[in-house]
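Visitor: One structure, as structure tokens, below. Some questions next.
The structure is reproduced here in structure tokens:
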């Protein structure tokens, strides 16, 4: 069992729940638990049950159903594109990224990422696959690139989280570092060119402009990032005390329980609190890579590497947004932010990661089948 990985996840979720409770504090509710706090507790319980259940499914089963799950993921994206703006896929803040069923809203991209990760891990662990060959690497990039490109049409921020995942997979599979660096530079160029080609009246273009010219958009698109940075800076070294942050408690930081929850930790617990949060993600990454190095099945080893890179990459994007280093993307801080789909998807991934550490060595493979680095 990867106890280090599990411990890091439990600490992250507990810390995050404390920040959600503070951000959504309701003095009229039992123990001050606002609606969002109660929902987060409910989602955490469901996520734990899902994680335990998923971890009992052998990795061989996940490997067998990897491609059907991947195809299902693509069909879900296409369905959301076709049904965008309807009651089932409503437009929220100009984006149709949610499937609404009764009172419950689900963000499918959190599960689409897992389907893509499983498919890539299965592909790259197959006999004869060599990440050093351009054609083989291109096939993996295409596998991850198709759902990423489809998601990017309505959710550019979530599409960006596919990049660290596939990058980590290729590196773990043995791709030369210089080719990875060249690919990263090429992707950055494509993103910059794509940004310049965005419709001038679109929300994505305005977010980029607000990042480049924050003073001109201080009261509009740049407002939430500016307030987040102010809240984090006001915490100084030790913070203002738990549940005592005036910036957040008075509602001056929009989305402070979701995308900008770092502002709660920064204002109330200061530099020490945010440093502890960063150390937890470092511990998560360290424990995940250690578990991958001990995994006996090549597919499980690659899944663990991709999972760690996906989570830490998304965390890096969220933190960069909260501190003004990137335009607003709308992605959550994994295991930490309020959000049922994000929490459930992350815990299901943890369950598959646990199953990966239990998987026996496949017949016909060695302890280091292929040229894996993990």
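Numbering (my numbering), first residue to last: -4 to 369.
Don't be surprised by glycine CBs; every beta carbon is placed ideally from N, CA and C.
Just so we're clear, the structure is a prediction, and the values are computed from it rather than from any experiment.
#1: For residue 256, list the residues DSSP reports as bridge partners.
#2: Rounded to whole angstroms, what is the Cα-Cα separation between residue 291 and residue 313?
#3: Can you check which of these residues, 63, 247 and 343, is closest to residue 302 by C-alpha distance?
#4: Check whether the region 142 to 160 touches the region 274 to 287, taking contact to mean three or more Cβ pairs, one atom from each stretch, closer than 8 Å.
#5: Tell me where the alpha helix (DSSP H) around residue 314 begins and ends.
#6: Indicate the three-state DSSP secondary structure (helix, strand or coil) for residue 104 in the structure shown.
#7: Within its chain, find whatever has a CB closer than 7 Å to the CB of residue 175; leave out the 5 residues flanking it on each side and keep chain order.
#8: Residues in its own chain within less than 6 Å of residue 9 by CB, not counting five upstream and five downstream?
#9: For a test of the three-state rule: what should DSSP assign to residue 79, helix, strand or coil?
#10: Pick helix, strand or coil for residue 326, following the three-state DSSP scheme.
#11: Determine the extent of the beta strand (DSSP E) in which residue 52 is found, giving its start and end residues.
#12: Do residue 219 and residue 377 count as a contact pair if the criterion is CB distance below 8 Å?
#13: Compare the beta carbon distance of residue 75 and residue 112 with 8 Å and say whether it is the shorter of the two.
#14: Sorry if obvious, but does the Cβ on residue 24 come closer than 7 Å to a heavy atom of the ligand ADP?
#15: Are residue 230 and residue 263 closer than 8 Å when you measure CB to CB?
#16: Which residues in the same chain as residue 65 place their Cβ atom closer than 6 Å to its Cβ, once the five residues preceding and following it in sequence are excluded?
#17: Nearest-angstrom Cα distance between residue 3 and residue 222?
#18: Enumerate in chain order the residues of its own chain whose CB-to-CB distance from residue 16 is below 6 Å, with the five nearest sequence positions on each side excluded.
#19: Would you mind sorting residue 253 into buried or exposed? The rule is 16 or more other CB atoms within 10 Å of its CB.
#20: My guess is that residue 108 and residue 156 are in contact by the Cβ rule of under 8 Å, so how many angstroms apart are they, rounded?
#21: Can you check DSSP and say which residues form a bridge with residue 90?
#22: Using a Cβ-Cβ cutoff of less than 7 Å, which residues in the same chain neighbour residue 294 once the five nearest sequence positions on both sides are dropped?
#23: Around the Cβ of residue 123, are there at least 16 other Cβ atoms within 10 angstroms (buried) or fewer (exposed)?
#24: Since residue 5 is in the alpha helix (DSSP H), which residue starts that stretch and which ends it?
Guide: Based on what the coordinates show:
#1: In the chain shown, counting from the first residue as 1, residue 256 sits at position 261. DSSP, once it has assigned bridges, lists no residue as partnering residue 256.
#2: For this step, residue 291 is matched to residue 296 along the chain shown. For this step, residue 313 is matched to residue 318 along the chain shown. Distance between the alpha carbons of residue 291 and residue 313 is about 33 Å.
#3: For the purposes of this step, residue 302 is identified with residue 307 of the chain shown, where counting begins at 1. Nearest of 63, 247 and 343 to residue 302, Cα basis: 343.
#4: no
#5: Position 319 of the chain shown holds residue 314. If you look at residue 314, you'll find it in the alpha helix (DSSP H) that goes 293 to 317.
#6: Here residue 104 corresponds to residue number 109 of the chain shown, with the count starting at 1. Three-state DSSP puts residue 104 in a helix.
#7: As a position in the chain shown, residue 175 is number 180, starting the count at 1. Hits under 7 Å: 162, 165 and 166.
#8: Taking the chain shown and counting its residues from 1, the one referred to as residue 9 is at position 14. For residue 9, where only same-chain residues beyond five positions count, there are no Cβ hits under 6 Å.
#9: By 1-based counting over the chain shown, the position of residue 79 is 84. If DSSP states are grouped into helix, strand and coil, residue 79 belongs with the strands.
#10: As a working mapping, residue 326 is identified with position 331 in the chain shown. Residue 326: coil per DSSP, three-state reduction.
#11: Residue 52 sits at position 57 when you count from the first residue of the chain shown. Where residue 52 is concerned, there is no enclosing beta strand (DSSP E), given that its DSSP letter is neither H nor E.
#12: Because the chain here runs from -4 to 369, residue 377 falls outside it and cannot be looked at.
#13: Sequence index remark: in the chain shown, residue 75 carries index 80 (1-based). Sequence index remark: in the chain shown, residue 112 carries index 117 (1-based). Taking 8 Å as the Cβ cut-off, residue 75 and residue 112 do not qualify as a contacting pair.
#14: The ligand ADP is not part of the structure shown, which contains no ligands of any sort.
#15: Against the chain shown, residue 230 aligns to sequence position 235. Against the chain shown, residue 263 aligns to sequence position 268. Yes; because the gap between Cβ atoms is below 8 Å, this pair is in contact.
#16: One-based indexing of the chain shown puts residue 65 at position 70. These residues qualify, in order along the chain: 110 and 114.
#17: Residue mapping note: residue 3 aligns to position 8 of the chain shown, counting from 1. Residue mapping note: residue 222 aligns to position 227 of the chain shown, counting from 1. Near 29 Å, if we compare the C-alpha coordinates of residue 222 and residue 3.
#18: Position 21 of the chain shown, counted from the first residue, corresponds to residue 16. Same-chain partners within the cutoff: 32.
#19: Within the chain shown, residue 253 is the residue found at index 258, counting from 1. The residue in question, residue 253, is buried, as its Cβ has 16 or more Cβ neighbours within 10 Å.
#20: Position 113 of the chain shown, counting from 1, holds the residue named residue 108. Position 161 of the chain shown, counting from 1, holds the residue named residue 156. Confirmed, Cβ separation roughly 7 Å.
#21: Here residue 90 is taken as the residue at index 95 of the chain shown, counted from 1. Answer by DSSP bridge pairing, in chain order: 87.
#22: Here residue 294 refers to the residue found at position 299 when the chain shown is read from its first residue. Within the same chain, residue 294 has close Cβ partners 54, 58, 116, 117 and 120.
#23: The residue you call residue 123 lines up with position 128 of the chain shown. So residue 123 counts as exposed.
#24: Looking up residue 5 in the chain shown gives position 10. Looking at the DSSP string, the run of the alpha helix (DSSP H) that includes residue 5 is -2 to 18.
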